[in-house]
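Undergrad: For reference, each letter of the first sequence is one residue, going 0 to 456 in numbering that gives the first Met the number 0. Each residue gets a CB set at the ideal place from its N, CA and C atoms; glycine is no exception. This structure is in structure tokens; I'll ask about it shortly.
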Amino acid sequence: MDNNTTRTVALNAVGNTQGDAVIYVMSRDQRVRDNFALLAAQKYALDRKLPLMTLFNVYSSVPNRSAAQYAFMFSGLEEVEQDLAAKQIAFLVKVGDAKNNILQVARTHHAAAVFFDFSPLRGLTALHEKVARSVGIPCFVTDTHNIIPVWVASDHQEWAAHTFRRKVHKLLPQFLAEPAPVTRHPYTLQQQLTNDWTQIRAAATAPALEDYRPIVKTGEKEAGKNLRHFLKTKLGRYAQQRNDPNSDSLSNVSAHIHFGQLSSLRVALDAQKMLAQHKDQGVREGVQSYMEEVTVRKELSDNFCYYNRTYDSFEGIPEWGQKTLTKHRTDHREHLYTLEQLEAAQTADAAWNAAQIQMLRTGKMHGYMRMYWAKKILEWTEDPESAIAYTIYLNDKYFLDGYDPMGYTNILWSIGGLHDRPWRQREVYGTVRYMAMSGLRRKFDLDTYTAAWQNDG
DNA sequence: ATCGGCTCGCGCAA
DNA sequence: TGCGCGAAGCCGAT
């Protein structure tokens with residue numbers, strides 16, 4: 000298949016193979032609706048009159064994760080299991096090493112082909128390559144996380160949002176199209192597959208969070224509810240108030256999008272529909288502003304991680320940022336905090352502590368505060384490498400949307416000036432954009448925010 | 001309250 | 001080769 004125009008590409012050069020089933024290895028896109036990887040696997044199976052099965056692999060131990068993230072994922076997967084059963088598509092969850100499990104399941108079921116959904120993160124791309132090399136049957140990967148497949152949108156790492164935006168706007172009309180529905184699959188496996196969710200939950204251990212009260216509920220249906228509620232009641236003020244953490248103007252679907260419970264194509268299609276239904280100026284500006292987030296800024300993060308394999312380290316920073324941070328490496332730091340102090344929200348900065356506590360309590364932090372939060376960690380640690388490592392540790396452990404290209408891109412934007420331009424030189428930051436508490440006060444009522452998120456509150 | 005400068009390099013026009 | 005302009009700002013001058 001042609002890499003430049005298609006959503007699904009071949010991972011190896013193995014020709015058509017005989018077999019008894021087609022396997023879709025679900026990973027990043029944990030949904031049945033609007034899932035082009037599932038659709039591609041189903042078409043391949045229908046063409047050959049074969050049963051279709053979906054395999055999900057759970058690693059038994061992943062560093063920097065919390066029980067909250069696993070709970071969110073497993074409940075969503077139980078919903079996936081039901082939705083697949085309604086379509087006569089088998090669903091199997093395996094625990095352990097992904098490569099071994101995929102190879103074993105492919106062998107046991109005499110698979111004819113394997114389909115993956117796409118992620119630019121190193122663990123996933125490496126897994127896809129390893130399986131494609133050793134499984135001996137055709138393997139494919141489908142980008143159903145991005146509206147425009149990452150390899151179609153651009154063939155290189157983009158410099159900034161403005162260089163990417165032109166390409167996105169040119170391609171968007173052909174990709175903002177309604178996906179076909181998954182059909183009831185006519186061919187089924189000989190034996191019925193079942194999953195023991197108690198056993199699966201017990202096998203994936205991660206530390207529980209104290210005092211944790213998520214503000215979003217998990218699952219494909221809940222994601223749809225959040226989205227509809229946002230479009231109906233918040234979109235009109237989104238453009239004006241999305242940077243005010245007190246205003247509750249956001250869609251609250253980032254965790255669902257991260258786990259693939261909701262596709263950003265669905266989000267964009269539903270947001271676009273609001274234009275036809277509303278003449279109200281606020282709604283029209285809201286659509287434009289929200290579409291910018293969903294189609295340009297979000298997809299830019301996949302572009303970055305896909306084309307820059309050092310997306311989570313100092314080396315991922317553009318050259319000017321590395322140079323300026325190196326020049327200011329030994330600058331005096333007003334405060335130095337350990338990772339433990341940061342994790343416990345024990346700094347001298349009330350705004351920062353509030354943001355950290357918001358994250359610990361809810362698995363979320365307001366988008367505007369995420370930038371301030373990461374930039375201050377640069378200011379308060381011994382060097383930029385430590386700042387990046389600490390921020391990624393906290394990001395991946397506590398955010399429900401952790402372990403995502405969005406997080407790494409935000410962190411390198413904040414700490415290293417990725418996708419940004421240089422600003423006035425100052426201590427520690429060099430020419431990387433600085434943010435100050437006085438700026439937060441200018442933009443919103445900071446005292447209301449800090450009062451809402453207090454230690455022992 | 002508002003405004004210009006800070007500071008770098010991509011991408012396009014010429 | 002020149003030039004406009006950019007992922008969410010800050011600061012000092014007016």
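With DSSP run on the structure shown, which of helix, strand or coil describes Y23?
TA: Here residue 23 is taken as the residue at index 24 of the first sequence, counted from 1. Three-state result, Y23: strand.
Undergrad: Start and end of the beta strand (DSSP E) containing A9?
TA: Numbered from its first residue, the first sequence carries residue 9 at position 10. First-last of the beta strand (DSSP E) with A9: T7 to A9.
Undergrad: Here's the rule: buried if 16 or more other CB atoms are within 10 angstroms of the residue's CB, otherwise exposed. What is T143?
TA: Along the first sequence, read from residue 1 onward, the residue named residue 143 stands at position 144. With 16 or more Cβ atoms within 10 Å of its Cβ, T143 is classed as buried.
Undergrad: Let me confirm a value: L399 is counted as buried when at least 16 other C-beta atoms fall within 10 Å, else exposed. Which label applies?
TA: Counting from 1 along the first sequence, the entry for residue 399 is found at position 400. Buried, since its Cβ has 16 or more Cβ neighbours within 10 Å.
Undergrad: Check the DSSP bridge columns for M52 and list the partner residues they point to.
TA: The residue you call residue 52 lines up with position 53 of the first sequence. Answer is I22 and A89, bridged to M52.
Undergrad: Please classify T408: does DSSP put it in a helix, a strand, or coil?
TA: For the purposes of this step, residue 408 is identified with residue 409 of the first sequence, where counting begins at 1. Three-state result, T408: helix.
Undergrad: Return the bridge partner residues of C460 from the DSSP annotation.
TA: The structure shown has nothing for residue 460, since the chain only spans 0 to 456.
Undergrad: Taking N56 as the reference, which of A202, S133 and A20 has the closest Cα?
TA: Translated into positions along the first sequence, residue 56 becomes position 57. For the residues A202, S133 and A20, the minimum Cα distance to N56 belongs to A202.
Undergrad: Are F174 and V140 closer than 8 Å when you measure CB to CB?
TA: Within the first sequence, numbered from 1, the residue matching residue 174 stands at position 175. Within the first sequence, numbered from 1, the residue matching residue 140 stands at position 141. No. Outside cutoff.
Undergrad: DSSP has R425 in a bridge; who is on the other side?
TA: Here residue 425 refers to the residue found at position 426 when the first sequence is read from its first residue. Answer by DSSP bridge pairing, in chain order: G429.
Undergrad: Report the rounded CA-to-CA distance for S262 versus R27, giving the unit in angstroms.
TA: Position 263 of the first sequence holds residue 262. Position 28 of the first sequence holds residue 27. S262 and R27: Cα-Cα distance of roughly 11 Å.
Undergrad: Determine the contact status of Y448 and N245, defining contact as a CB-CB distance below 8 Å.
TA: Sequence index remark: in the first sequence, residue 448 carries index 449 (1-based). Sequence index remark: in the first sequence, residue 245 carries index 246 (1-based). Cβ distance < 8 Å, so Y448 and N245 count as in contact.
Undergrad: Distance check for H277 and E177, CA to CA, integer angstroms please.
TA: Translated into the one-based positions of the first sequence, residue 177 becomes position 178. Translated into the one-based positions of the first sequence, residue 277 becomes position 278. Whole-angstrom Cα-Cα distance: 21 Å.
Undergrad: Determine, using beta carbons only, whether D330 and V149 come nearer to each other than 8 Å.
TA: The residue you call residue 330 lines up with position 331 of the first sequence. The residue you call residue 149 lines up with position 150 of the first sequence. Cβ atoms of D330 and V149: not closer than 8 Å.
Undergrad: Take the Cβ of D195 as the centre, count every other Cβ of all protein chains shown within 10 Å, and call the residue buried at 16 or more, exposed below.
TA: Within the first sequence, numbered from 1, the residue matching residue 195 stands at position 196. So D195 counts as exposed.
Undergrad: Helix, strand or coil: which one does DSSP assign to V252?
TA: Position 253 of the first sequence holds residue 252. Here V252 sits in coil by DSSP.
Undergrad: Within the continuous alpha helix (DSSP H) that includes N394, where are the two ends?
TA: As a position in the first sequence, residue 394 is number 395, starting the count at 1. Counting along the chain, the alpha helix (DSSP H) containing N394 begins and ends at P383 to Y397.
Undergrad: Going by DSSP, what residues sit across from V94 in a beta bridge?
TA: Numbered from its first residue, the first sequence carries residue 94 at position 95. V57, per the DSSP bridge assignment.
Undergrad: Once DSSP output is grouped into helix, strand and coil, what is the label at G315?
TA: Numbered from its first residue, the first sequence carries residue 315 at position 316. Reduced to three states, the DSSP call for G315 is helix.
Undergrad: Starting from the C-beta of R441, find all residues in its chain whose C-beta is less than 6 Å away, skip the five residues before and the five after it, and write them out in chain order.
TA: Here residue 441 corresponds to residue number 442 of the first sequence, with the count starting at 1. Around R441: no qualifying Cβ.
Undergrad: Under the rule that 16 or more other beta-carbon atoms within 10 Å means buried, what is Q156, buried or exposed?
TA: As a first step, residue 156 must be located in the first sequence, where it is residue number 157. Buried, by the Cβ-count rule.
Undergrad: Considering Cα atoms alone, identify which of I214, P404, W158 and D247 is closest to G362.
TA: Here residue 362 is taken as the residue at index 363 of the first sequence, counted from 1. Taking only the C-alpha atoms, the option nearest G362 is I214.
Undergrad: Which word fits Q453, buried or exposed, when buried means at least 16 other C-beta atoms lie within 10 angstroms of its C-beta?
TA: Counted from its first residue, the first sequence places residue 453 at position 454. Answer is exposed; the Cβ neighbour count stays below 16.
Undergrad: If you follow the alpha helix (DSSP H) that E128 is in, where does it begin and where does it stop?
TA: Residue 128 sits at position 129 when you count from the first residue of the first sequence. Taken as a continuous stretch (DSSP letters only), the alpha helix (DSSP H) holding E128 covers R121 to S133.
Undergrad: Measure how close the beta-carbons of A179 and Y69 come, nearest whole angstrom, since I'm counting them as under 8 Å.
TA: Position 180 of the first sequence, counted from the first residue, corresponds to residue 179. Position 70 of the first sequence, counted from the first residue, corresponds to residue 69. Wrong, their Cβ atoms sit about 32 Å apart, outside the cutoff.
Undergrad: For E339 and A386, I'd like the C-alpha separation in whole angstroms.
TA: Within the first sequence, numbered from 1, the residue matching residue 339 stands at position 340. Within the first sequence, numbered from 1, the residue matching residue 386 stands at position 387. Answer to the nearest angstrom: the Cα atoms are 13 Å apart.
Undergrad: Do M72 and A20 come within 8 Å of each other at the CB atom, strictly closer than that value?
TA: Residue mapping note: residue 20 aligns to position 21 of the first sequence, counting from 1. Residue mapping note: residue 72 aligns to position 73 of the first sequence, counting from 1. Result no, Cβ atoms of A20 and M72 do not sit closer than 8 Å.
Undergrad: Taking the CB atoms as reference points, tell me whether G218 and Q260 lie closer together than 8 Å.
TA: Sequence index remark: in the first sequence, residue 218 carries index 219 (1-based). Sequence index remark: in the first sequence, residue 260 carries index 261 (1-based). Closer than 8 Å, so yes.
Undergrad: Pick from F313, K86, H255 and Q81: whose alpha carbon is nearest that of I391?
TA: Position 392 of the first sequence, counted from the first residue, corresponds to residue 391. The option with the nearest alpha carbon to I391 is F313.
Undergrad: Can you tell which of K42, Q239 and V113 has its C-alpha closest to the C-alpha of A9?
TA: For this step, residue 9 is matched to residue 10 along the first sequence. The shortest C-alpha separation from A9 is found at V113.
Undergrad: Quick test of your reading: G18 and A110, contact by CB under 8 Å. State the CB separation rounded to the nearest angstrom.
TA: Along the first sequence, read from residue 1 onward, the residue named residue 18 stands at position 19. Along the first sequence, read from residue 1 onward, the residue named residue 110 stands at position 111. That belief holds up - the Cβ atoms of G18 and A110 are roughly 5 Å apart, short of 8 Å.
Undergrad: Could you give the distance in angstroms between the alpha-carbon of E378 and the alpha-carbon of M290?
TA: The residue you call residue 378 lines up with position 379 of the first sequence. The residue you call residue 290 lines up with position 291 of the first sequence. Near 33 Å, if we compare the C-alpha coordinates of M290 and E378.
Undergrad: Using DSSP with H/G/I as helix, E/B as strand and the rest coil, what is A350?
TA: Along the first sequence, read from residue 1 onward, the residue named residue 350 stands at position 351. Three-state result, A350: helix.
Undergrad: Grab me the residues of G366's own chain with a C-beta within less than 6 Å of its C-beta, minus the 5 sequence neighbours each way, in chain order.
TA: Counting from one through the first sequence, the residue named residue 366 turns up at place 367. Taken in chain order, the list of residues that qualify is empty.
Undergrad: To the nearest whole angstrom, what separates the beta carbons of A39 and T7, a pair I think is in contact under 8 Å?
TA: As a first step, residue 39 is located in the first sequence; it is residue number 40 there, counting from the start. As a first step, residue 7 is located in the first sequence; it is residue number 8 there, counting from the start. Sure, about 5 Å apart at Cβ, within 8 Å.
Undergrad: What are the boundary residues of the alpha helix (DSSP H) that includes H161?
TA: Your numbering for residue 161 matches position 162 in the first sequence. Note, H161: alpha helix (DSSP H), A160 to F174.
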